[in-house]
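Asker:
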Amino acid sequence: MNDILQPPTERDLPAGGADRIRAGALAALAEPEPRHTGRRVAVVAAVVTTVAAGVGGAALWPAGGGSTQALAMSAAELPPELRTAAEQCLSWNHDQVARTGIEPLDRAPEVTLDDLAVATRRGDKSAMLFLTAAGYFTCDLTLGRWWREKTGSTNWDAWGDRRGWLPGPVEALSVSSSDIDGGEVMAIGRVSARVRRLVLEHGDGRTTEARLQDGAFGLISTGSSVREDARLVSYDADGNVLDRLRFFDMRLDRCYVDPAGKVVYRAEYAGKQPPPVDPATCLPAEAWRR
Amino acid sequence: MRIQTPATDTELWTAGDAAAFGQLFERHARAVYNHAFRLCGSWSVAEDVTQTTFATAWRRRRDARLVDGSVLPWLLVVATNSARTEHRSRRRWQALLRRVPPEPEGAPDLADDVADRLRDEQRMRELLALVRKLPRAEREALALCVWSGVAYPQAAITLGVTEGAVRSRVSRARARLARMVATQTEEQR
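These protein sequences, in sequence, are chains D and V. Counting from 1, one number per residue, gives the positions in the first sequence under our numbering. Counting from 291, one number per residue, gives the positions in the second sequence under our numbering.
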């Protein structure tokens with residue numbers, strides 16, 4: 001095989017991770033055998049065709065096959081199913097806080113339901129964003145109604161010097177999709193004050209509009225047509241395009257500085273030592289407030 | 291003298307209890323974990339996919355297809371399906387990057403391991419950027435047969451297609467990738 005197509009060498013499961021994975025997998029043995037094999041696929045694949053944006057109250061759309069999608073921009077908008085998911089996320093946050101370090105920048109921010117900025121749900125999959133003065137906490141999870149499984153992942157970061165600044169007009173903090181390169185997608189994150197519209201261009205001519213509120217955005221794609229070359233396009237109040245981010249590759253390829261010239265975001269780099277940054281080559285960070 | 295031979299996959303699968311399933315996990319988790327990594331390009335997501343794969347395998351145990359006495363090909367197909375729905379936030383990977391400690395003096399093992407895994411992820415992301423341009427059937431056949439070493443006849447039975455179809459998918463995938471690499475190399479000159 002051509003060397004360029006040779007994947008990295010195989011590795012063992014990480015020591016602690018192996019025990020966790022084994023315990024999680026074996027937990028399935030305690031569950032009753034499902035009566036409807038394949039039902040989960042049918043539910044997840046159910047197509048929901050309407051997204052109402054900017055409407056007060058929980059946006060909840062019943063659809064064929066019992067699938068629903070919801071997009072809430074605060075705890076007050078949470079429908080019951082999302083509240084259950086939010087409580088699971090808070091539980092994981094509690095565990096995370098207990099496990100992380102005592103230094104402010106090493107510690108997962110402790111969040112409450114009042115910190116919920118965005119919550120999205122499609123079928124049995126949900127994603128949440130909590131924003132606090134110390135940092136952000138995201139959570140995406142599956143709450144299977146039939147198999148009672150709870151799986152998911154969390155991500156967090158302490159703001160440090162970055163709370164008031166964004167790397168450009170839009171910062172996606174969690175992106176998930178049904179397929180590895182498209183399908184149905186959900187995204188949540190932050191936007192600067194000059195962003196008045198945020199639109200996902202699916203790549204096939206279709207679009208989905210995000211909901212914006214208090215510096216946060218939430219988006220659930222309309223249908224499952226999102227392609228690998230989808231773009232997240234932000235507009236100002238006059239309808240001018242501010243940015244066109246590649247939805248499936250939002251890595252920072254530039255650095256950003258605050259007005260004092262201090263580097264607040266570095267280009268993302270996977271090597272052992274990041275290269276030195278020349279602030280003169282950076283773009284100005286965008287102010288963010290909530 | 292009694293010689294104890296290890297139980298076969300078929301015997302363990304048929305036993306259908308926690309101890310047997312645990313042995314199957316020990317036997318195949320590493321292969322599933324690495325297969326998942328090659329599909330999604332993230333070691334942390336590969337952990338999630340591995341867990342989901344074994345949980346799903348247990349729930350769908352009546353659908354399992356053991357090929358030549360091995361459950362591994364079927365587990366890898368379950369992992370492939372799981373990886374499609376377990377595509378997690380890339381922010382998680384990015385946040386990990388930001389938290390990678392500077393290389394310490396003396397280079398402790400853990401820091402090296404984290405750095406090596408990050409390099410794996412970078413390498414795999416570059417590779418997946420090409421592979422994801424292939425039709426899904428071709429890239430999944432490539433991952434199953436070329437990267438994870440499942441024989442064509444076993445892959446065919448597991449996927450429920452003919453051996454010729456599997457060979458054809460892998461062959462087309464290789465040809466397309468070779469063209470992509472050639473074009474990429476040409477553009478870089």
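Yeah, the Cβ is synthetic: ideal placement off N, Cα and C, and Gly gets one too. Nothing here was measured: the structure is a model prediction, and the numbers come from that model.
Just to check my reading of the structure: residue 73 of chain D and residue 216 of chain D have Cβ atoms closer than 8 Å, yes? What is that Cβ distance to the nearest angstrom?
Answerer: Within the first sequence, the letter at position 73 stands for residue 73 of chain D. Within the first sequence, the letter at position 216 stands for residue 216 of chain D. Confirmed, about 7 Å.
Asker: Could you tell me which chain D residues have their CB closer than 8 Å to the CB of residue 304 of chain V, listed as they occur along the chain?
Answerer: Taking the first residue of the second sequence as position 1, residue 304 of chain V is located at position 14. Correct list: empty, because the minimum Cβ distance to chain D is about 15 Å.
Asker: Please report the distance separating the alpha-carbon of residue 85 of chain D from that of residue 125 of chain D.
Answerer: Translated into the one-based positions of the first sequence, residue 85 of chain D becomes position 85. Translated into the one-based positions of the first sequence, residue 125 of chain D becomes position 125. Distance between the alpha carbons of residue 85 of chain D and residue 125 of chain D is about 9 Å.
Asker: Is the separation between the beta-carbon of residue 344 of chain V and that of residue 25 of chain D shorter than 8 Å?
Answerer: For the purposes of this step, residue 344 of chain V is taken as the residue at position 54 of the second sequence. For the purposes of this step, residue 25 of chain D is taken as the residue at position 25 of the first sequence. The answer is yes: Cβ separation under 8 Å.
Asker: What are the residues in the region 422 to 433 of chain V lying within 7 Å of chain D by C-beta distance?
Answerer: 422
Asker: Let me know the secondary structure DSSP gives residue 360 of chain V once reduced to three states.
Answerer: Counted from its first residue, the second sequence places residue 360 of chain V at position 70. Residue 360 of chain V falls in the strand class under three-state DSSP.
Asker: Which residue comes first and which comes last in the alpha helix (DSSP H) that contains residue 426 of chain V?
Answerer: The residue given as residue 426 of chain V occupies position 136 in the second sequence. Element bounds for residue 426 of chain V: 426 to 431.
Asker: Return yes when the Cβ of residue 203 of chain D is within less than 8 Å of the Cβ of residue 226 of chain D, no when it is not.
Answerer: The residue you call residue 226 of chain D lines up with position 226 of the first sequence. The residue you call residue 203 of chain D lines up with position 203 of the first sequence. In contact: residue 226 of chain D and residue 203 of chain D (Cβ atoms closer than 8 Å).
Asker: Residue 201 of chain D by DSSP, collapsed to three states: which one?
Answerer: Taking the first sequence and counting its residues from 1, one reaches residue 201 of chain D at position 201. Strand, per DSSP.
Asker: Residues in the same chain with beta-carbon distance under 7 Å from residue 311 of chain V, minus the five sequence neighbours each way, listed in chain order, please.
Answerer: Taking the first residue of the second sequence as position 1, residue 311 of chain V is located at position 21. 348.
Asker: Just mark residue 336 of chain V as buried or exposed, buried being the case when its beta carbon has 16 or more other beta carbons within 10 Å.
Answerer: Position 46 of the second sequence, counted from the start, is the residue given in the question as residue 336 of chain V. Classification of residue 336 of chain V: buried, given that the 10 Å Cβ count is 16 or more.
Asker: Does the region 251 to 259 of chain D come close enough to the region 229 to 239 of chain D that 3 or more CB-CB pairs lie under 8 Å?
Answerer: no
Asker: So for residue 255 of chain D, helix, strand or coil by DSSP?
Answerer: Taking the first sequence and counting its residues from 1, one reaches residue 255 of chain D at position 255. Three-state result, residue 255 of chain D: coil.
Asker: Could you tell me which chain D residues have their CB closer than 7 Å to the CB of residue 323 of chain V, listed as they occur along the chain?
Answerer: Residue 323 of chain V sits at position 33 when you count from the first residue of the second sequence. The contacting residues are 13.
Asker: Measure the alpha-carbon distance for residue 300 of chain V versus residue 361 of chain V and round it to whole angstroms.
Answerer: Along the second sequence, read from residue 1 onward, the residue named residue 300 of chain V stands at position 10. Along the second sequence, read from residue 1 onward, the residue named residue 361 of chain V stands at position 71. Straight-line Cα distance between these residues: approximately 8 Å.
Asker: Using the C-alpha atoms, what's the distance from residue 426 of chain V back to residue 218 of chain D?
Answerer: Your numbering for residue 218 of chain D matches position 218 in the first sequence. Your numbering for residue 426 of chain V matches position 136 in the second sequence. Taking the straight line from one Cα to the other gives about 29 Å.
Asker: Can you give the beta carbon distance from residue 137 of chain D to residue 165 of chain D, rounded, assuming they're within the 8 Å contact cut?
Answerer: Counting from 1 along the first sequence, the entry for residue 137 of chain D is found at position 137. Counting from 1 along the first sequence, the entry for residue 165 of chain D is found at position 165. With a Cβ gap of about 19 Å, residue 137 of chain D and residue 165 of chain D do not count as contacting.
Asker: Under the three-state reduction of DSSP, which class applies to residue 207 of chain D: helix, strand or coil?
Answerer: One-based indexing of the first sequence puts residue 207 of chain D at position 207. If DSSP states are grouped into helix, strand and coil, residue 207 of chain D belongs with the strands.
Asker: So what's residue 92 of chain D in DSSP terms, helix, strand or just coil?
Answerer: Along the first sequence, read from residue 1 onward, the residue named residue 92 of chain D stands at position 92. In this structure, residue 92 of chain D counts as helix in the three-state DSSP scheme.
Asker: May I ask you to report which of helix, strand or coil DSSP gives residue 10 of chain D?
Answerer: Residue numbering aside, residue 10 of chain D sits at position 10 when the first sequence is read from its first letter. Here residue 10 of chain D sits in coil by DSSP.
Asker: Please state whether DSSP places residue 344 of chain V in a helix, a strand or coil.
Answerer: For this step, residue 344 of chain V is matched to residue 54 along the second sequence. If DSSP states are grouped into helix, strand and coil, residue 344 of chain V belongs with the helices.
Asker: List the residues of chain D whose Cβ lies closer than 8 Å to the Cβ of residue 313 of chain V, in chain order.
Answerer: Position 23 of the second sequence, counted from the first residue, corresponds to residue 313 of chain V. Per Cβ cutoff of 8 Å: no residues; residue 313 of chain V is ~11 Å from chain D at best.
Asker: In whole angstroms, give me the CA-to-CA distance for residue 80 of chain D and residue 296 of chain V.
Answerer: Position 80 of the first sequence, counted from the first residue, corresponds to residue 80 of chain D. Position 6 of the second sequence, counted from the first residue, corresponds to residue 296 of chain V. CA-to-CA, the gap between residue 80 of chain D and residue 296 of chain V works out to about 50 Å.
Asker: Going along chain D in order, which residues have a C-beta closer than 7 Å to the C-beta of residue 476 of chain V?
Answerer: In the second sequence, the residue the question calls residue 476 of chain V occupies position 186. None at all; the shortest Cβ gap to chain D is about 14 Å.
Asker: Measuring only between beta-carbons, confirm whether residue 364 of chain V sits less than 8 Å from chain D.
Answerer: What you label residue 364 of chain V is simply residue 74 of the second sequence in a count that begins at 1. It does not: the Cβ of residue 364 of chain V has no partner Cβ on chain D nearer than 8 Å.
Asker: Compute the beta-carbon to beta-carbon distance between residue 292 of chain D and residue 212 of chain D, rounded to the nearest angstrom, for a pair I have assumed lies under 8 Å.
Answerer: An answer regarding residue 292 of chain D cannot be provided, because it is not within the stretch 1 to 290 covered by chain D.
Asker: Within the same chain, show all residues whose beta-carbon is closer than 6 Å to that of residue 35 of chain D, passing over the 5 residues directly before and after it, in chain order.
Answerer: The residue given as residue 35 of chain D occupies position 35 in the first sequence. Since pLDDT at residue 35 of chain D reaches only 32, below the 50 mark, its modelled position is unreliable, and the value read off the structure follows with that caveat. So the list is empty, once near-sequence residues are dropped.
Asker: Taking DSSP as the reference, what is the three-state secondary structure of residue 469 of chain V?
Answerer: The residue you call residue 469 of chain V lines up with position 179 of the second sequence. Residue state, collapsed to three classes: helix.
Asker: Per DSSP, what kind of secondary structure is residue 146 of chain D in: helix, strand or coil?
Answerer: Locating residue 146 of chain D in the first sequence gives position 146, counting from the first residue. Residue placement at residue 146 of chain D is flagged as unreliable, the pLDDT there being 42, under the threshold of 50; the coordinate-derived value follows with that caveat. In the structure shown, residue 146 of chain D sits in coil (DSSP, three-state: anything other than H, G, I, E or B).
Asker: Counting only beta-carbon atoms, is residue 80 of chain D nearer than 8 Å to chain V?
Answerer: For the purposes of this step, residue 80 of chain D is taken as residue 80 along the first sequence, with counting starting at 1. It does not: the Cβ of residue 80 of chain D has no partner Cβ on chain V nearer than 8 Å.
Asker: Tell me, please, which residues DSSP counts as bridged to residue 120 of chain D.
Answerer: One-based indexing of the first sequence puts residue 120 of chain D at position 120. Residue 120 of chain D is bridged by DSSP to D:71, D:127.
Asker: Can you check which of these residues, V:440, V:443, V:411, V:323, is closest to residue 341 of chain V by C-alpha distance?
Answerer: Along the second sequence, read from residue 1 onward, the residue named residue 341 of chain V stands at position 51. Checked all of V:440, V:443, V:411, V:323; the closest Cα to residue 341 of chain V is V:323.
Asker: Quick check on residue 356 of chain V - is its C-beta less than 8 Å from some C-beta in chain D?
Answerer: By 1-based counting over the second sequence, the position of residue 356 of chain V is 66. By this cut-off, residue 356 of chain V is not an interface position.
Asker: Looking at residue 132 of chain D: is its Cβ nearer than 8 Å to the Cβ of residue 167 of chain D?
Answerer: For this step, residue 132 of chain D is matched to residue 132 along the first sequence. For this step, residue 167 of chain D is matched to residue 167 along the first sequence. No; because the gap between Cβ atoms is not below 8 Å, this pair is not in contact.
Asker: Thinking just about the alpha-carbon of each residue, which of D:123, D:94, D:117, D:16 is nearest to the one in residue 221 of chain D?
Answerer: As a working note, residue 221 of chain D is residue 221 in the first sequence. The candidate whose alpha carbon is nearest that of residue 221 of chain D is D:123.
Asker: Is the shortest distance between the beta-carbon of residue 22 of chain D and the beta-carbons of chain V less than 8 Å?
Answerer: Looking up residue 22 of chain D in the first sequence gives position 22. With 8 Å as the cut-off, residue 22 of chain D counts as an interface residue toward chain V.
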